[in-house]
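Each residue of the sequence shown is one higher than the one before, starting from 689 at the first, in our numbering. Glycine included, every Cβ here is placed at the ideal spot set by N, Cα and C. All values derive from a computational prediction rather than experimental measurement. Let me begin by presenting the structure, written as structure tokens, before commenting on it.
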Amino acid sequence: MIENTISKLAAWLSKHSIDVLRVSLGLVFVAFGTLKFFPGVSPAEALSVATLEKLSLGTLSGYAAQLVIAGMEVFIGLTLVTGRFLKTGLVVMTGALAGFFAPYALFFTDLFPGAPTLEAQYIFKDIVLAAAAMVIGARALGARLVPAHERHVERARDIRERVAA
């Protein structure tokens, strides 16, 4: 009975967990991106604007930079939540994630004047977002999460097909 329950749970998680991860990551992007549409609301506003100013060599600054970041994050979030244009959203997210970590290189001494500042810690959590993006990207490119009992069935079928060929 316990093995059957575990098997059913594994099957359910295999089928649904990556979609749950995709939607929840999308909601995080939509929420943080939406905050950036309103000056003074996002706790990461100053750092994200300063980062984009540096990365764009000053062509984007101030509120224009903030709008670009907000729009990009909301776009990424919506592609994740809906699953539409997902590959495009994942490509945009790859660039965004590079931008998320750029302050470590651009403003290292400001972020680590000794102990890490709250902003440095805020950026550090983006490692989890990057890892989630990798899992979602793998699924979007065709990878599957398969429960152990299904792998055994697939291996047996593969062996039968090779013997028959």
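### Task
Count the other CB atoms, across all protein chains shown, that sit within 10 Å of the CB of residue 691; report buried if there are 16 or more and exposed otherwise.
Position 3 of the sequence shown holds residue 691. Answer is exposed; the Cβ neighbour count stays below 16.
### Query
When we look at the beta-carbon of residue 781 and count the other beta-carbons within 10 Å, is it buried (16 or more) or exposed?
In the sequence shown, counting from the first residue as 1, residue 781 sits at position 93. Flag for residue 781 reads buried.
### Message
What does the Cβ neighbour count give for residue 728, buried or exposed, with the cut at 16 atoms within 10 Å?
### Response
Numbered from its first residue, the sequence shown carries residue 728 at position 40. That one is exposed.
### Query
With respect to the alpha helix (DSSP H) encompassing residue 822, which residues constitute its N-terminal and C-terminal limits?
Position 134 of the sequence shown, counted from the start, is the residue given in the question as residue 822. Element bounds for residue 822: 814–828.
### Query
Hey, residue 799 and residue 807: beta-carbon distance below 8 Å or not?
Within the sequence shown, residue 799 is the residue found at index 111, counting from 1. Within the sequence shown, residue 807 is the residue found at index 119, counting from 1. Result yes, Cβ atoms of residue 799 and residue 807 sit closer than 8 Å.
### Query
Mapping DSSP to helix, strand and coil, what is residue 806?
By 1-based counting over the sequence shown, the position of residue 806 is 118. Residue 806 falls in the helix class under three-state DSSP.
### Task
Spatial neighbours of residue 785 within its chain, please: CB distance less than 6 Å, with the 5 preceding and 5 following residues excluded, ordered by chain position.
Sequence index remark: in the sequence shown, residue 785 carries index 97 (1-based). Result list for residue 785: 818, in chain order.
### Message
Determine whether the beta carbon atoms of residue 833 and residue 702 lie at a separation below 8 Å.
### Response
Walking along the sequence shown from the start, residue 833 turns up at place 145. Walking along the sequence shown from the start, residue 702 turns up at place 14. It is a contact, given that the beta carbons lie within the stated cut-off.
#### Entry: Contact under 8 Å by Cβ, residue 823 with residue 709
Taking the sequence shown and counting its residues from 1, the one referred to as residue 823 is at position 135. Taking the sequence shown and counting its residues from 1, the one referred to as residue 709 is at position 21. A contact, by the Cβ cut-off of 8 Å.
### Task
Report yes if the CB atom of residue 753 is closer than 8 Å to the CB atom of residue 740, and no otherwise.
Against the sequence shown, residue 753 aligns to sequence position 65. Against the sequence shown, residue 740 aligns to sequence position 52. For residue 753 and residue 740, yes; Cβs fall inside 8 Å.
### Task
Could you give the DSSP three-state label for residue 729: helix, strand or coil?
Translated into positions along the sequence shown, residue 729 becomes position 41. Coil, per DSSP.
### Message
I need the DSSP call for residue 747, collapsed to helix, strand or coil.
### Response
Here residue 747 refers to the residue found at position 59 when the sequence shown is read from its first residue. Correct three-state label for residue 747: coil.
### Task
Please name the residue in 725, 714, 737 whose C-alpha comes closest to that of residue 770.
Residue numbering aside, residue 770 sits at position 82 when the sequence shown is read from its first letter. Cα-wise, what sits closest to residue 770 is 714.
### Task
Drop a sphere of 10 angstroms on the beta-carbon of residue 803, count the other beta-carbons inside from all chains shown, and report buried for 16 or more, exposed for fewer.
Your numbering for residue 803 matches position 115 in the sequence shown. With fewer than 16 Cβ atoms within 10 Å of its Cβ, residue 803 is classed as exposed.
### For residue 717 and residue 768, believed in contact at Cβ under 8 Å, the rounded distance
Position 80 of the sequence shown, counted from the first residue, corresponds to residue 768. Position 29 of the sequence shown, counted from the first residue, corresponds to residue 717. Indeed, because the Cβ distance is near 6 Å, the residues count as touching under 8 Å.
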